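Protein chains: 2
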Amino acid sequence: MHDVAKAAGVSQAAVSYAYNRPHKLSEARRAHILAVAEKLGYAGPNPAGRSLRTGQVGALGLMITDSLPYAFDDPATTELLKGISEVGELAEVALTLLPCPLESARVAEGAGVLVRGAVDGFLVYSIPEGHPAIDTVLSRRLPLVFIDTPNPDGLPRVGIRDRKAAREVADHLLSHGYRQVGILVDRLVPDGRGGTVDAARVKAARDHVMRERMAGYAAACRKHKVPWRSVRVVEAGGFDYERACAAAEQLLAAEPVEAIIAASDLMALAAIDVAHKHGLRVPDDVAVVGFDDIPAAKAAGLTTVRQPLVDKGRLAARLLLDIIDGKPGREIILPTELVVRGTCGAAH
Amino acid sequence: MHDVAKAAGVSQAAVSYAYNRPHKLSEARRAHILAVAEKLGYAGPNPAGRSLRTGQVGALGLMITDSLPYAFDDPATTELLKGISEVGELAEVALTLLPCPLESARVAEGAGVLVRGAVDGFLVYSIPEGHPAIDTVLSRRLPLVFIDTPNPDGLPRVGIRDRKAAREVADHLLSHGYRQVGILVDRLVPDGRGGTVDAARVKAARDHVMRERMAGYAAACRKHKVPWRSVRVVEAGGFDYERACAAAEQLLAAEPVEAIIAASDLMALAAIDVAHKHGLRVPDDVAVVGFDDIPAAKAAGLTTVRQPLVDKGRLAARLLLDIIDGKPGREIILPTELVVRGTCGAAH
DNA sequence: CTGAAAGCGCTTACAG
DNA sequence: CTGAAAGCGCTTACAG
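Order-wise, the sequence lines are chains A and P. For the first sequence, the numbering used here assigns the number 1393 to the last residue and increments by one with no breaks. For the second sequence, the numbering used here assigns the number 1393 to the last residue and increments by one with no breaks.
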């Protein structure tokens, strides 16, 4: 910038104005400066210099506690991303994806991006309780909004009533009279393990969302006199379709179940696929409900509970932008809605 | 940092070392500095200051010429993102999403994020020829890699042989003897318009990829003596499923077609859905082929041509990282592969 | 193992 | 409408 100013015979400030305050310069002078810059190969104001000076970056950081490739596989995460990016575009801010290892042991090595990432604030998505990355991001002392995460300290947050929503959909399913029930969850404890889950592991669930949903399912079972200990719970160990299928396979391979409660639509759809492969009709031989109401749920006629995923992203991003602007943070709880389609056996 | 240094009774440099060069300080001194920083509420080295000083940001910019919410809807883009983010994670760099308006008229207003985004380099994804954002990003004089975009200047690029791949899959379809053929494309000209396309618009296609694929389809038709002017081409005007369905609807509503060549799997799957709604069997009443081989194509038994989407993202990101490291850029052309499943009527 | 100093590139409040 | 100056927070080469 200094060189451009010199070559154009103006002050450095004038060059800055040429880019940022066009009306502070005469048109001719501005054109001249820009022409000289072009000739010299000057690329325009350096973002780092600007950031340092203004204290603003123009980017929102989205912290994801999973490998990114994984996150893109999850339709619910994709919906959330849509909502977030809508707001980012409107506000002309970039969205910076900050992956960080899920296993606590690997956090130190992966924290660099959290510590060094140039952002104006953080969106913290679905992170297990007590995860060290929470401290890391808190230590940056930047505005932040949690999504689907408990906030014991009353920090800004966007979420839904997971327990109530889970109870509702399970309640609806069980009201059809099923007694042999299985539950499919993606992940209770982030240790990569899957398979049949015992009561201790359910209790140990580090994921707030999953713990709440399990509590909701249990409440529905209680109401319908389905003994909780008779309910088989299988954990996929991850969010991809393959693991979901493997979990469903495991559930269906054991004693027969009349009904499957899946903690996500992806798992529910996997369960339906696997059931069909076993020659079972849905809902006649086995009923299934999901959670989320992702776009594919409708096509499959899946009974599920809708949570406004896009809105969640949109509101979280907007809230963060507000906080960055100095407005107070708050907690936003979004409504959910039971969506009855065919897979629960509602027509029977 | 200055304040921390003062409070800890050390130089500013020592504070910097405490964070970045742990071994340059005695353990005790480092611990002391960190403790003082903690007490003072110092959040650690400011990324903007670091960037300014080192000239490095630690982020890759991904330029998307579409609204981001839109991009997340496209399974092919999602696959690409997976590949890119894999590399980013390994290299501990963040991925910054830089949306920029597709319509040239709106580029000026949306260019801010391109101009101000703090990144070490750009991945430029599927951008129409002559789009002003290309100049914007070029003017930043940062390393960059094009994905699926022609690079007349021999700039680094990752792509596939779109024409050849399109020819192959269309050739296979037509070899079954179909004469009444329709083509479904997502977007030829980025003006948001959809509907039946005339020869002029095909010629005017601003998207390199689509132009190449159309050329490939035309070549296959020529080979099989299907008069090109008898081939109806319908453009969706976008990448979402709804528009794909509308385009398929339009194609099927007119004179009957025996075979549909879709320029993406998403469009092919939409065509199959719409055909079923019309009571048509696939491939008996109408054959369909796609392009990409997204995960859903397999489940649908779709005949298509596989392009290594994840690899494309992975290689592009790696190439960009290499260029940032000072290595020379190059062009990478990835192989494609015809995947024959059922929807082309291969079994007949 | 520690410290003093220079300078990365920018914006803005202020004076003219 | 224009210019001179200060300072944002940092890292590193260098001297001790």
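In this text, a Cβ means the ideal position worked out from N, Cα and C, and glycines have one as well. If you're wondering where the values come from, they're calculated on a predicted model, not measured in any experiment.
C-beta atoms of residue 1296 of chain A and residue 1302 of chain A nearer than 8 Å: Sequence index remark: in the first sequence, residue 1296 of chain A carries index 251 (1-based). Sequence index remark: in the first sequence, residue 1302 of chain A carries index 257 (1-based). Cβ atoms of residue 1296 of chain A and residue 1302 of chain A: closer than 8 Å.
Euclidean distance between Cα positions of residue 1054 of chain P and residue 1061 of chain P: Taking the first residue of the second sequence as position 1, residue 1054 of chain P is located at position 9. Taking the first residue of the second sequence as position 1, residue 1061 of chain P is located at position 16. Each residue's Cα considered, the two are about 14 Å apart.
Own chain, CB closer than 6 Å to residue 1393 of chain A, minus 5 neighbours either side, in chain order: Here the question's residue 1393 of chain A lines up with position 348 in the first sequence. Note on residue 1393 of chain A: pLDDT 48, under 50, position unreliable in the model; the coordinate value appears next. Around residue 1393 of chain A: no qualifying Cβ.
Given a threshold of 16 other Cβ atoms within 10 Å of its Cβ, counted over all protein chains shown, does residue 1322 of chain P qualify as buried or as exposed? Taking the second sequence and counting its residues from 1, one reaches residue 1322 of chain P at position 277. The residue is exposed, with fewer than 16 neighbouring Cβ atoms inside 10 Å.
Identify whether residue 1144 of chain P lies in helix, strand or coil by the three-state DSSP scheme. Taking the first residue of the second sequence as position 1, residue 1144 of chain P is located at position 99. In the structure shown, residue 1144 of chain P sits in a strand (DSSP, three-state: E or B).
Any beta-carbon of chain A closer than 8 Å to the one on residue 1393 of chain P? Here residue 1393 of chain P corresponds to residue number 348 of the second sequence, with the count starting at 1. For residue 1393 of chain P, the predicted model reports a pLDDT of 48, less than 50, meaning its position is unreliable and no value from the coordinates is stated.
Chain-ordered neighbours of residue 1092 of chain P on chain A, where CB pairs are closer than 9 Å: Residue numbering aside, residue 1092 of chain P sits at position 47 when the second sequence is read from its first letter. Within chain A, the residues placing a beta-carbon under 9 Å from that of residue 1092 of chain P are 1093, 1096, 1102, 1160, 1161, 1162, 1163, 1164, ordered along the chain.
Under 9 Å between beta-carbons, which chain A residues line up against residue 1117 of chain P? List them in chain order, please. As a working note, residue 1117 of chain P is residue 72 in the second sequence. Within chain A, the residues near residue 1117 of chain P are 1117, 1123, 1124, 1126, 1127, 1130.
Kindly identify the DSSP beta-bridge partner or partners of residue 1122 of chain P. Start at 1 with the first residue of the second sequence, and residue 1122 of chain P comes out as number 77. Note: residue 1122 of chain P sits in no beta bridge, so no partner.
When the Cα of residue 1094 of chain A is compared with those of P:1211, P:1089, P:1088, P:1102, which residue comes out closest? The sequence position of residue 1094 of chain A within the first sequence is 49, counting from 1. When each option's Cα is compared against that of residue 1094 of chain A, the closest is P:1102.
Mapping the DSSP letters down to three states, classify residue 1338 of chain A as helix, strand or coil. In the first sequence, counting from the first residue as 1, residue 1338 of chain A sits at position 293. Residue 1338 of chain A falls in the coil class under three-state DSSP.
By how many angstroms is the C-alpha of residue 1259 of chain A removed from the C-alpha of residue 1329 of chain A? For this step, residue 1329 of chain A is matched to residue 284 along the first sequence. For this step, residue 1259 of chain A is matched to residue 214 along the first sequence. A direct Cα-to-Cα measurement between residue 1329 of chain A and residue 1259 of chain A gives close to 25 Å.
My output table needs one value for residue 1070 of chain P: the three-state DSSP class, helix, strand or coil. On the second sequence, position 25 is the one that residue 1070 of chain P refers to. DSSP places residue 1070 of chain P in coil when its eight states are reduced to three.
Output yes or no for whether 8 Å exceeds the beta carbon distance between residue 1362 of chain A and residue 1141 of chain P. For this step, residue 1362 of chain A is matched to residue 317 along the first sequence. For this step, residue 1141 of chain P is matched to residue 96 along the second sequence. No, they are not a contact pair.
Using a Cβ cut-off of 8 Å, pull out every chain A residue sitting near residue 1185 of chain P, in sequence order please. Taking the first residue of the second sequence as 1, we reach residue 1185 of chain P at position 140. Within 8 Å Cβ-Cβ: 1088, 1089.
Under 8 Å between beta-carbons, which chain A residues line up against residue 1141 of chain P? List them in chain order, please. Walking along the second sequence from the start, residue 1141 of chain P turns up at place 96. Correct list: 1104, 1139, 1140, 1141, 1142.
Determine whether the Cβ of residue 1237 of chain P lies closer than 8 Å to any Cβ atom of chain A. Locating residue 1237 of chain P in the second sequence gives position 192, where the first residue counts as 1. False, the Cβ-Cβ gap to chain A never drops below 8 Å.
For a test of the three-state rule: what should DSSP assign to residue 1134 of chain A, helix, strand or coil? Here residue 1134 of chain A is taken as the residue at index 89 of the first sequence, counted from 1. Here residue 1134 of chain A sits in helix by DSSP.
In its own chain, which residues sit with a C-beta less than 7 Å from the C-beta of residue 1070 of chain A, not counting the 5 before and 5 after it? Here the question's residue 1070 of chain A lines up with position 25 in the first sequence. Cβ within range, chain order: 1059, 1062, 1063.
Can you name the residues that DSSP bridges to residue 1087 of chain A? Indexing the first sequence from 1 puts residue 1087 of chain A at position 42. Beta-bridge pairing links residue 1087 of chain A to no other residue.
Limits of the unbroken alpha helix (DSSP H) element including residue 1060 of chain P: To locate residue 1060 of chain P, count along the second sequence from 1; it is residue 15. Element bounds for residue 1060 of chain P: 1057-1065.
Pull the bridge partners of residue 1167 of chain P from the DSSP assignment, please. Indexing the second sequence from 1 puts residue 1167 of chain P at position 122. Residue 1167 of chain P is bridged to P:1106, P:1189.
Would a check of beta-carbon distances place residue 1309 of chain P closer than 8 Å to chain A? The residue labelled residue 1309 of chain P in the question sits at position 264 within the second sequence. It does not: the Cβ of residue 1309 of chain P has no partner Cβ on chain A nearer than 8 Å.
Comparing the C-beta of residue 1113 of chain P with each C-beta of chain A, is any distance below 8 Å? Numbered from its first residue, the second sequence carries residue 1113 of chain P at position 68. Residue 1113 of chain P counts as touching chain A.
Count Cβ pairs between the segment 1073-1082 of chain A and the segment 1104-1120 of chain A that sit closer than 8 Å; are there 3 or more? no
Local conformation of residue 1297 of chain P per DSSP, three classes: By 1-based counting over the second sequence, the position of residue 1297 of chain P is 252. Three-state result, residue 1297 of chain P: helix.
Give the straight-line distance between the Cα atoms of residue 1286 of chain A and residue 1335 of chain P, rounded to the nearest whole angstrom. Within the first sequence, the letter at position 241 stands for residue 1286 of chain A. Within the second sequence, the letter at position 290 stands for residue 1335 of chain P. Going from the Cα of residue 1286 of chain A to the Cα of residue 1335 of chain P covers about 22 Å.
Count the other C-beta atoms from every protein chain shown that fall within 10 angstroms of the C-beta of residue 1359 of chain P, then say buried if there are 16 or more, exposed otherwise. Residue numbering aside, residue 1359 of chain P sits at position 314 when the second sequence is read from its first letter. So residue 1359 of chain P counts as buried.
List in chain order: all unbroken alpha helix (DSSP H) runs of 4+ residues lying wholly within the segment 1168-1232 of chain P. Listed in chain order, they are 1177-1184, 1207-1219.
So is residue 1294 of chain A in contact with chain P if we call contact Cβ pairs under 8 Å? Along the first sequence, one-based indexing puts residue 1294 of chain A at 249. Not closer than 8 Å to any Cβ of chain P, the Cβ of residue 1294 of chain A fails to qualify, so no.
Per-residue DSSP class, three states only, for residue 1287 of chain P: As a position in the second sequence, residue 1287 of chain P is number 242, starting the count at 1. Residue 1287 of chain P: helix per DSSP, three-state reduction.
Could you check the C-alpha separation between residue 1137 of chain P and residue 1159 of chain P for me, to the nearest Å? Position 92 of the second sequence, counted from the start, is the residue given in the question as residue 1137 of chain P. Position 114 of the second sequence, counted from the start, is the residue given in the question as residue 1159 of chain P. Those two C-alpha atoms are separated by around 22 Å.
Residue 1319 of chain A (DSSP reduced to helix, strand or coil): Counted from its first residue, the first sequence places residue 1319 of chain A at position 274. Under the three-state reduction of DSSP output, residue 1319 of chain A falls in the helix class.
Simplified DSSP assignment, three categories, for residue 1240 of chain A: Start at 1 with the first residue of the first sequence, and residue 1240 of chain A comes out as number 195. Assignment of residue 1240 of chain A by DSSP, reduced to helix, strand and coil, places it in the strand class.
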